[in-house]
Amino acid sequence: MTGLVDDLLDVSRVTRGLAVLECAPVDLKRVVADAVEQVRPLAEARSHELVLQLAPGPAFAAGDHKRLVQVLANLLNNAAKYTPEGGRLGLSMAVDADGVTMAVTDNGIGIAPDLLPTVFELFAQAERTPDRAQGGLGLGLALVKSLVELHGGSVTAASAGRDCGSRFTVRLPRSEAPIGAGLAPAAMAGKPAGAGLQVLVVDDNIDAANTMAMLLDAAGYRATVAHDPHEALRRARADGFDACLLDIGLPGMDGHELARRLRALPGTAGASLLAVTGYGQPDAAQAGASAFDAYLLKPADPEQLFALLGQRARNP
Numbered sequence: 258m259t260g261l262v263d264d265l266l267d268v269s270r271v272t273r274g275l276a277v278l279e280c281a282p283v284d285l286k287r288v289v290a291d292a293v294e295q296v297r298p299l300a301e302a303r304s305h306e307l308v309l310q311l312a313p314g315p316a317f318a319a320g321d322h323k324r325l326v327q328v329l330a331n332l333l334n335n336a337a338k339y340t341p342e343g344g345r346l347g348l349s350m351a352v353d354a355d356g357v358t359m360a361v362t363d364n365g366i367g368i369a370p371d372l373l374p375t376v377f378e379l380f381a382q383a384e385r386t387p388d389r390a391q392g393g394l395g396l397g398l399a400l401v402k403s404l405v406e407l408h409g410g411s412v413t414a415a416s417a418g419r420d421c422g423s424r425f426t427v428r429l430p431r432s433e434a435p436i437g438a439g440l441a442p443a444a445m446a447g448k449p450a451g452a453g454l455q456v457l458v459v460d461d462n463i464d465a466a467n468t469m470a471m472l473l474d475a476a477g478y479r480a481t482v483a484h485d486p487h488e489a490l491r492r493a494r495a496d497g498f499d500a501c502l503l504d505i506g507l508p509g510m511d512g513h514e515l516a517r518r519l520r521a522l523p524g525t526a527g528a529s530l531l532a533v534t535g536y537g538q539p540d541a542a543q544a545g546a547s548a549f550d551a552y553l554l555k556p557a558d559p560e561q562l563f564a565l566l567g568q569r570a571r572n573p
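Written as structure tokens, this is what we have:
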């Protein structure tokens with residue numbers, strides 16, 4: 258009940274123009290990462306696959322980071338709630354000269370044609386059926402519309418009908434990135450930090466792996482993602498890598514064993530092997546027996562990560 262009252266008050270403030278936005282240049286890729294982090298527990302509980310397709314390069318808008326996270330988190334939560342277990346959710350981003358377009362898609366129960374024109378109105382809901390048992394009061398999409406419009410943008414909904422999934426598209430005016438925003442130190446000095454080095458990212462957490470790959474791509478590296486150790490070994494046999502970022506807690510084979518096997522392959526024998534882990538630093542005995550060159554604690558500090566990768570770039 259407290260949550261519902263808070264939602265009602267929030268919608269009331271926004272729709273009456275009483276909400277104050279803390280406007281600043283906002284990195285929309287960080288907005289996406291924060292929104293995905295919020296929806297991840299629900300998506301994992303319902304065994305959904307979440308696919309991110311983000312535009313290369315910077316994507317900035319003038320706005321309130323917290324409120325824009327609220328917009329995407331609402332849309333992603335709706336997609337997760339109204340998609341049967343084992344479904345597919347998507348979030349894509351495209352950037353052009355004037356704006357940034359973000360689309361949240363699903364292959365869930367869809368939206369009936371008669372509801373589409375009113376889907377962003379307060380308390381608008383389809384007929385309550387068993388697969389909508391987790392629905393709220395119809396506040397989330399009204400709040401999304403109001404917040405997007407406060408940012409000078411627009412939001413639309415599309416669906417081919419019941420059981421055909423849905424697509425919600427947010428369009429925001431584009432702004433220029435602050436000088437140096439999102440760049441690694443070497444890139445700020447005038448050259449790409451990654452210099453085209455090939456990096457293998459191995460993590461069974463899909464969102465964490467994709468976010469790391471996005472960070473590396475933005476810094477000039479060429480990132481390849483694998484979600485289990487056997488896939489990583491297959492990719493390493495097919496393609497050589499200059500560096501590998503490995504999670505420790507992998508299914509079927511832990512990161513230490515994977516690192517040892519990568520050391521035995523011609524294409525990764527001389528690669529920089531970095532552990533990216535939530536388990537903490539190993540003790541002296543473990544570190545001495547490890548195939549890893551360094552350990553990074555999750556979430557990896559970008560400055561430390563790029564410093565370690567930069568050593569590889571300077572000493573191929």
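Be aware that the sequence shown starts at 258, since it is given in the numbering used here, and climbs by one per residue.
Quick reminder that beta carbons are idealized off the backbone N, C-alpha and C, glycines included.
Check: Contact set for T468: own chain, Cβ-Cβ below 6 Å, skip 5 residues either direction; Outcome: A290
Check: Assigned exposure category for K323 - 16 Cβ within 10 Å defines buried; Outcome: exposed
Check: Residues near I463 by beta carbon distance below 7 Å, same chain, minus five either side; Outcome: L307, H484
Check: Own chain residues within Cβ distance below 6 Å of G456, not counting five before or after; Outcome: Note that residue 456 is Val in the sequence shown, not Gly. Result list for V456: L473, Y478, A480, A500, in chain order.
Check: Reference A548; option with closest CA among L522, S403, Y339; Outcome: L522
Check: E514 - partner residues in DSSP beta bridges; Outcome: Answer is none; E514 lacks a bridge partner.
Check: For M350: DSSP bridge partner residues; Outcome: M359
Check: Residue nearest to G365 in terms of C-alpha spacing, selected from T375, N335, D355, R518; Outcome: N335
Check: Three CB pairs or more closer than 8 Å across the region 292 to 312 and the region 410 to 417; Outcome: no
Check: Nearest neighbour of R218, chosen from V376, D420, D353 [CA to CA]; Outcome: Limits of the chain in this structure are 258 at one end and 573 at the other, which puts residue 218 out of reach.
Check: Pair within 8 Å by beta-carbon distance, V458 and L519; Outcome: no
Check: Presumed contact (8 Å Cβ cut-off) between D363 and T340, rounded CB distance; Outcome: 5 Å
Check: Contact belief for A369 with G418 at Cβ below 8 Å, rounded distance in angstroms; Outcome: 7 Å
Check: 7 Å Cβ shell around A300 - same chain, five flanking residues per side excluded; Outcome: L307, A337, L346
Check: Rounded separation between L400 and V328 - CA only; Outcome: 8 Å
Check: K555 vs T525 beta-carbon contact at 8 Å; Outcome: no
Check: Residue span of the beta strand (DSSP E) that contains R424, given as start and end; Outcome: 423 to 430
Check: Own chain partners of A557 with C-beta closer than 6 Å, once the 5 adjacent residues on each side are dropped; Outcome: V533
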